[in-house]
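Letter by letter, the sequence shown follows residues 60 to 327 in this note's numbering.
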Amino acid sequence: MTNKIAVIGFGNIAKAIITPLFDKKLLKPEDVYCLVNTKKSLENIKKNYKYDINIFQANSKDSEIIWDCQVKLLSVKPQQLKNIIEVNKNKGNLLVSILAGVSLENLRKRFPNHKCVRSVTNIPITIGKGLTGISWGDEITEDQKTFTIRLFENSSKIYEFPEYLLDIFLALTSSGPAIIALIIEALSDGGLSGGLQKKLSEELVMEMILGTVSLIKDTNLTTAELKNMVTSPGGTTISALRVLENKSLRSALIESVISASNRSKDFS
Ligand SMILES: NC(=O)c1ccc[n+]([C@@H]2O[C@H](COP(=O)([O-])OP(=O)(O)OC[C@H]3O[C@@H](n4cnc5c(N)ncnc54)[C@H](OP(=O)(O)O)[C@@H]3O)[C@@H](O)[C@H]2O)c1
């Protein structure tokens with residue numbers, strides 16, 4: 060990766076994307092120009108970040124250099140977007156946004172001199188296990204596509220989508236970790252209610268989920284086949300499933316995903 064990269068908002072997710080590229084020597088710290096908003100973050104990164112990057116505070120005189128970079132990773136919070144004002148230096152440079160719910164149309168309006176790409180990623184990217192959905196804007200060159208894929212592929216699996224599917228992708232993959240965390244918590248409370256220590260109960264739930272997912276992936280069982288395998292007539296599992304059907308868990312989960320997707324559409 061030879062292009063100079065600007066990172067507008069060097070926060071948690073941007074660090075998760077950029078750091079593996081330094082670790083694998085695919086990118087040199089001196090080729091990366093980062094912006095943060097506050098002096099506190101600037102000093103914290105200068106003191107504690109393991110690589111010696113070029114880092115500036117937004118709106119400082121020196122920070123304008125970021126607009127010379129061929130590629131920009133836009134990674135502020137959506138509500139901070141209004142503070143990012145494009146400086147028109149070159150036409151056709153690449154801008155890759157990771158802002159949840161901000162549409163390509165909105166990005167094009169704000170950055171008319173850039174070719175914009177909209178991406179959606181999720182929190183497991185911070186441990187290199189993210190899922191990233193990408194929607195290409197107009198007239199993106201093959202080189203720019205390749206560059207964008209290289210940006211994400213060391214920290215996540217990549218899926219390409221038409222833009223209208225990014226909201227449902229976001230609902231499943233970005234809101235999904237919170238839904239799963241809630242399920243882990245609730246099942247652990249079930250164990251707790253039956254007399255297990257909280258920590259042990261949580262450990263058992265997580266190991267059970269990991270084992271179940273591996274079983275489905277490794278054996279190509281369908282979820283229905285797996286369910287039938289462990290559900291014997293008049294047994295404990297059908298008793299548990301009956302309670303969940305009675306409480307409409309399936310419907311609640313389906314509606315939760317649709318609701319998150321609709322909320323994402325509200326933002327764009
Ligand atoms: N967190 C998640 O689970 C998640 C998952 C997937 C995608 N995302 C998306 O990723 C984006 C970043 O999220 P995050 O969790 O990494 O947020 P974050 O840690 O708060 O990072 C935001 C960064 O933007 C900087 N910033 C704020 N205003 C700025 C300005 N005017 N100019 C330049 N930099 C500015 C902040 O600097 P200061 O520290 O100085 O304020 C901070 O470094 C969001 O748009 C979110 O939708 C988040």
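The C-beta atom is built at its ideal place from N, Cα and C for all residues, glycine as well.
If you measure between the beta carbons of aspartate 217 and isoleucine 227, is that distance less than 7 Å?
A quick correction: the sequence has isoleucine, not aspartate, at residue 217. No, these two residues do not count as a Cβ contact at 7 Å.
Is any heavy atom in ligand 1 found nearer than 6 Å to the beta carbon of serine 134?
Yes - ligand 1 has a heavy atom lying nearer than 6 Å to the Cβ of serine 134.
From which residue to which residue does the beta strand (DSSP E) around valine 179 run?
First-last of the beta strand (DSSP E) with valine 179: 173-179.
Which full runs of the beta strand (DSSP E) of 3+ residues lie inside the region 183-265, going along the chain?
If we require 3 residues or more, the beta strand (DSSP E) runs fully inside the region 183-265 come out as 189-195, 215-219.
Just to confirm, are glutamate 222 and leucine 163 a CB contact at a threshold of 7 Å?
Against a cut-off of 7 Å, the Cβ pair of leucine 163 and glutamate 222 comes out as a contact.
What are the start and end residues of the alpha helix (DSSP H) that includes phenylalanine 326?
308-326 is the span of the alpha helix (DSSP H), which, as asked, contains phenylalanine 326.
Just the C-alpha distance for serine 156 and asparagine 96, rounded to the nearest angstrom, thanks.
Going from the Cα of serine 156 to the Cα of asparagine 96 covers about 17 Å.
Any heavy atom of ligand 1 closer than 6 Å to the beta-carbon of glycine 249?
Checking the Cβ of glycine 249 against ligand 1 gives no.
Along the chain, where does the alpha helix (DSSP H) containing phenylalanine 81 start, and where does it finish?
From DSSP, the alpha helix (DSSP H) with phenylalanine 81 extends over 71-82.
Answer with buried or exposed for arginine 177, where buried requires no fewer than 16 other C-beta atoms within 10 angstroms of its C-beta.
That one is buried.
Are the beta-carbon atoms of glycine 151 and lysine 174 separated by less than 7 Å?
Yes, the pair counts as a contact, with Cβ atoms nearer than the cut-off.
Just checking serine 178 against ligand 1 - is the residue's beta carbon closer than 6 Å to any of the ligand's heavy atoms?
False, no ligand heavy atom lies under 6 Å from that Cβ.
Just the C-alpha distance for leucine 86 and tyrosine 110, rounded to the nearest angstrom, thanks.
Spanning the two alpha carbons is a distance of roughly 11 Å.
Using DSSP bridges, identify the partner residues of phenylalanine 115.
In the DSSP output, where bridge partners are listed per residue, phenylalanine 115 has Leu94.
Would you tell me roughly how many angstroms separate the C-alpha atoms of phenylalanine 247 and glutamate 261, rounded to the nearest one?
Position check: residue 247 holds serine in this sequence, whereas phenylalanine was assumed. Cα to Cα, the separation comes out at about 5 Å.
What residues match up with alanine 156 in a beta bridge as DSSP calls it?
For clarity, residue 156 is serine in the given sequence; the question names alanine instead. Answer is Leu133, Arg177.
In the DSSP assignment, the beta strand (DSSP E) including valine 66 goes from what residue to what residue?
It spans 64-67 - the beta strand (DSSP E) in which valine 66 sits, taken as one unbroken run.
Once the 5 residues before and after aspartate 121 are set aside, which same chain residues still bring their CB inside 8 Å of it?
Correct list, in chain order: Phe115.
Quick check: what's the CA-CA separation for leucine 80 versus leucine 140?
When rounded, the distance between both Cα atoms is 25 Å.
Hey, could you find the ends of the alpha helix (DSSP H) serine 298 is sitting in?
Run containing serine 298: 295-305, per the alpha helix (DSSP H) assignment.
Over what stretch of residues does the alpha helix (DSSP H) that includes asparagine 287 continue unbroken?
Taken as a continuous stretch (DSSP letters only), the alpha helix (DSSP H) holding asparagine 287 covers 282-288.
In this structure, does DSSP put asparagine 103 in helix, strand or coil?
The answer is helix: DSSP assigns asparagine 103 an H, G or I state.
When the Cα atoms are used, what is the spatial distance from lysine 168 to leucine 241?
Each residue's Cα considered, the two are about 38 Å apart.
Where does glutamate 89 sit, in a helix, a strand or coil, going by DSSP?
Correct three-state label for glutamate 89: helix.
Give a yes or no on whether the C-beta atoms belonging to serine 134 and alanine 73 are separated by under 7 Å.
Yes; because the gap between Cβ atoms is below 7 Å, this pair is in contact.
Does the distance between the C-beta of serine 100 and the nearest non-hydrogen atom of ligand 1 fall short of 6 Å?
Within the cutoff, so yes.
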